[in-house]
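Everything on this sheet refers to the single structure shown next.
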Amino acid sequence: NVFAQSFLTKESEPLTVNAKIPYKLPFAEVEPENRQVSVQLKVENEGLARLNMLTNQQISWVDGKGQVDLDISGTFDQDQDWLQQLEQLTVIGNINVEDATIAAQALPEPLTEVNGKIRFNFNRMEIVDTLQGNFGGGKLVAVGNLPLRKLPRPLENPLTVDLNQLAINLKGIYSGGVKGQTIITGTLFNPNVGGYIELFDGQVPISESQTAPIGSSASAGDELIEFNNLQLTLGKNILVRQLPVLDFLASGTLLINGDMSDIRPEGTIQLLRGQVNLFTTQFRLDKDYNNNARFVAALGRDPELDVQMVASVIESSKQPITSETFANEISDSPTNFGTTETIRVQAKVKGLASQLFDRVELNSTPKRSEGEIVALLGGGFVDTLGRGNSTLGLANLAGSALLSNVSNLIGDAAGLDEFRIFPTTVTDDNRRTDSLEIGAEAGINITNNLSFSLLKVLTTDQPIQYNLRYRVNEEVLLRGATNFSDDTKIIVEYENRF
């Protein structure tokens, strides 16, 4: 028999425990008379902090008013699993909390203004009226019952927890808004979480560790919390990111099963827009393709990707075609005919996310070999250096990192097929000097072979250039450009590669 009474301070309320536990010490020779357990636990207010050690600091009482008055009884067999031991106990009594603050290791911040009453009625836990608290700028409201051990029939009023417009930050997992209602069944010591949760205005970071095979290391006790067809919806403005490699806007619903150490999502997520960085080129999702990520329970958090991306890269000729040069001509732009060619590159991925860069299939219009395409994807820097223009080469390298995100934001907002901001050199024949400027091009695809774009050097007073491009076939390309001032060109190009 054990009787204990503890005070935090002289003025604080005591923690009183009266217990009878039939435990045989390793060196003892006498067996306990019986296996009956009896524990009376009484504590209130500041004394509740003494209970923190009983939960191994997983749940901690911070402050507030509270009262615990419990009678625990049952049988004890030290040879059994500890979870089985707990589920054999009977608990009678109440837990009352008023304006309490409670912290939990699983939560990034404590629950505040917690109010409610929990009644233990032999084999079940009952929430009287509601148990509620504030968390993440929103409110958690719990109501219902949860058994202490498995029952022959489910309870009619299972424990439900309403998540009302929460803002959470789970490092490395999710940061953003959460709402929904979870339904908790199973038992108090082995809960099953179902219901629905919607994420909104948030970010889901992904890393190589999150696509590790099922059965990777997990913290002790994770397997005690199981998921039972939890419906997880990616709602408004959810970004899936692995910076600086990929950034997607995603939408869809997954069913979550498994446990915390072995999460098994199932369903399809639509990738609405986004980009992937390959070398110094940023690819955008093809908006005319059904881009998606399909989760299969057996593969865990490693989805099967079906994604098609597009990008435009510039191929410069080593020996430009001689043509009349106008004052302040844009050098090596996509419309500087005879010296450059716009290559439209398509990257298609079908396979597991963990094998993303091993599954990329590259094609282009006009057709180039995969080796040539790879060279072009990093060629904005290498090619200009090869022609002695180190300033433009460094500007291209910096521009790919600094200007791509701005270009994509503007292009998506305006509904353009292509929008890019890029560094370029402008030649002034009168002064025989070159200057580094910033250009912008906005384009739409009228058909797969016909496109229209506007080109403007933003940092000069040169007029806008209007461009029309029509590809007849792999060999023949028609291009026209005019600024409706002093420069109008119509070009017929024939290319035969051998």
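Numbers in our numbering are just positions in the sequence shown, counted from 1, shifted up by 312.
Every residue, glycine too, gets a C-beta built ideally from N, C-alpha and C.
From a predicted model like this one, the values you see are computed outputs, not experimental measurements.
Nearest neighbour of Glu753, chosen from Leu780, Asn760, Leu567 [CA to CA]: Reading the sequence shown from its first residue, position 441 is the one you call residue 753. The shortest Cα separation from Glu753 among Leu780, Asn760, Leu567 belongs to Leu780.
Buried/exposed call for Glu341, threshold 16 Cβ in 10 Å: Translated into positions along the sequence shown, residue 341 becomes position 29. Around the beta carbon of Glu341, a 10 Å sphere encloses fewer than 16 other beta carbons of the protein chains shown; the residue is thus reported as exposed.
Local Cβ density within 10 Å of Ser676, reported as buried at 16 or more and exposed below that: One-based indexing of the sequence shown puts residue 676 at position 364. Buried: at least 16 other Cβ atoms inside 10 Å.
Close beta carbons around Glu805, own chain, < 6 Å, minus the five adjacent residues each side: Along the sequence shown, one-based indexing puts residue 805 at 493. Excluding residues up to 5 positions away in sequence, Leu789 lie with their Cβ nearer than 6 Å to the Cβ of Glu805 in the same chain.
Distance CB(Arg671)-CB(Gly683) smaller than 9 Å: Mapped onto the sequence shown, residue 671 falls at position 359. Mapped onto the sequence shown, residue 683 falls at position 371. Cβ atoms of Arg671 and Gly683: not closer than 9 Å.
Exposed unless 16 or more other CB atoms sit within 10 angstroms - verdict on Asp729: Position 417 of the sequence shown holds residue 729. When all chains shown are included, Asp729 counts as buried.
Of the listed residues Glu425, Gly378, Ser763, Thr772, nearest to Gly751 (C-alpha basis): Position 439 of the sequence shown, counted from the first residue, corresponds to residue 751. Sorting Glu425, Gly378, Ser763, Thr772 by C-alpha distance to the C-alpha of Gly751 places Thr772 at the top.
Burial state of Asn481 (16 or more Cβ within 10 Å): By 1-based counting over the sequence shown, the position of residue 481 is 169. Exposure of Asn481 is indicated by the presence of fewer than 16 other C-beta atoms within 10 angstroms of its C-beta.
Residues of its chain near Leu544, where Cβ-Cβ distance is below 6 Å and the 5 sequence neighbours each way are ignored: Locating residue 544 in the sequence shown gives position 232, where the first residue counts as 1. Beyond the five residues adjoining it in sequence on each side, Leu544 comes within less than 6 Å, by CB distance, of Ile509, Leu566, Ile568 in the same chain, given in chain order.
Meets three-Cβ-pair contact criterion under 8 Å: the segment 371-381 and the segment 413-428: They touch, by the three-pair rule.
Chain-order list of residues whose beta-carbon lies under 6 Å from that of Gln658 (same chain, five-residue window excluded): One-based indexing of the sequence shown puts residue 658 at position 346. Only Val622, Asn675 meet the Cβ criterion.
Glu749 versus Ile414: straight-line alpha-carbon distance, rounded: Counted from its first residue, the sequence shown places residue 749 at position 437. Counted from its first residue, the sequence shown places residue 414 at position 102. Taking the Cα positions, Glu749 is about 58 Å away from Ile414.
Residues near Thr402 by beta carbon distance below 8 Å, same chain, minus five either side: Here the question's residue 402 lines up with position 90 in the sequence shown. Answer for Thr402: Ile384, Ser385, Gly386, Phe434, Asn435, Leu460, listed in chain order.
Beta-carbon spacing of Ala605, Gly570 below 9 Å: Walking along the sequence shown from the start, residue 605 turns up at place 293. Walking along the sequence shown from the start, residue 570 turns up at place 258. No, the pair does not count as a contact, with Cβ atoms beyond the cut-off.
Test item: CB-CB of Gly547 and Phe512 under 9 Å: In the sequence shown, counting from the first residue as 1, residue 547 sits at position 235. In the sequence shown, counting from the first residue as 1, residue 512 sits at position 200. In this structure, Phe512 lies closer than 9 Å to Gly547 by Cβ.
Check: Leu770 C-beta below 8 Å from any heavy atom of the ligand COA: For the ligand COA, the structure offers nothing, since it holds no ligand at all.
Buried or exposed by the 16-neighbour rule on C-beta atoms within 10 Å, applied to Arg310: Residue 310 falls outside the range modelled here, since the chain spans only 313 to 810, and no answer is possible.
Spatially closest choice to Asn406 from Phe501, Gly498, Gln352, by CA coordinates: Walking along the sequence shown from the start, residue 406 turns up at place 94. Distances from the alpha-carbon of Asn406 to those of Phe501, Gly498, Gln352 put Gln352 closest.
Member of Phe796, Arg783, Asp798, Gly792 whose CA lies at the smallest distance from the CA of Glu807: Start at 1 with the first residue of the sequence shown, and residue 807 comes out as number 495. Scanning Phe796, Arg783, Asp798, Gly792 for the CA closest to the CA of Glu807 turns up Arg783.
Residue-level contact to chain C via CB, Val516, 9 Å cutoff: No chain C appears in this structure, which consists of one protein chain only.
In chain order, each beta strand (DSSP E) run of at least 3 residues that lies wholly inside the segment 548-598: Here the runs fully enclosed are 558-571, 574-590, 593-597.
Beta carbon of Leu597 nearer than 9 Å to that of Gly579: Here residue 597 refers to the residue found at position 285 of the sequence shown. Here residue 579 refers to the residue found at position 267 of the sequence shown. Annotated as distal: Leu597 and Gly579, with beta-carbon spacing of 9 Å or more.
Span of the beta strand (DSSP E), counted from its first residue to its last, around Glu682: Reading the sequence shown from its first residue, position 370 is the one you call residue 682. For Glu682, there is no enclosing beta strand (DSSP E); the enclosing alpha helix (DSSP H) covers residues 682-689.
Which residues DSSP lists as bridging Ala623, in chain order: The residue given as residue 623 occupies position 311 in the sequence shown. Beta-bridge pairing links Ala623 to Val657.
Beta-bridge pairing of Ser487 - partner residues as DSSP gives them: Numbered from 1 along the sequence shown, position 175 holds the residue referred to as residue 487. Partner(s): Asn481, Gln515.
CA nearest to the CA of Asn504, picked from Gln477, Pro517, Asn540: Here residue 504 corresponds to residue number 192 of the sequence shown, with the count starting at 1. Of the candidates Gln477, Pro517, Asn540, the one whose C-alpha sits nearest the C-alpha of Asn504 is Asn540.
Rounded Cβ spacing between Asn589 and Pro556 (contact assumed at less than 8 Å): Looking up residue 589 in the sequence shown gives position 277. Looking up residue 556 in the sequence shown gives position 244. Contact between Asn589 and Pro556 holds: their C-beta atoms lie close to 6 Å from each other, under 8 Å.
Strand pairing of Gly428, partner residues [DSSP]: Along the sequence shown, one-based indexing puts residue 428 at 116. Paired residues: Val409.
Cutoff 6 Å; reference Leu327; Cβ partners in own chain excluding five residues on either side: For the purposes of this step, residue 327 is identified with residue 15 of the sequence shown, where counting begins at 1. The residues are Ser318, Val355, Gly359, Arg362.
As assigned by DSSP and simplified to three states, the class of Leu310: With the chain running from 313 to 810 in the structure shown, residue 310 is simply not present.
Backbone CA spacing between Ala725 and Asn446 [nearest angstrom]: Translated into the one-based positions of the sequence shown, residue 725 becomes position 413. Translated into the one-based positions of the sequence shown, residue 446 becomes position 134. Near 37 Å, if we compare the C-alpha coordinates of Asn446 and Ala725.
Through-space distance from Gly755 to Asp798, alpha-carbon basis: If you number the sequence shown from 1, residue 798 lands on position 486. If you number the sequence shown from 1, residue 755 lands on position 443. Going by the C-alpha atoms only, they are around 22 Å apart.
Supposed contact pair Ile550 and Ala562 - C-beta distance, whole angstroms, cut 8 Å: Position 250 of the sequence shown, counted from the first residue, corresponds to residue 562. Position 238 of the sequence shown, counted from the first residue, corresponds to residue 550. With 8 Å as the limit, Ala562 and Ile550 qualify as a contact, their Cβ atoms being about 5 Å apart.
Where Asp618 sits in the DSSP three-state scheme: In the sequence shown, the residue the question calls residue 618 occupies position 306. Here DSSP, grouped into helix, strand and coil, assigns Asp618 to strand.
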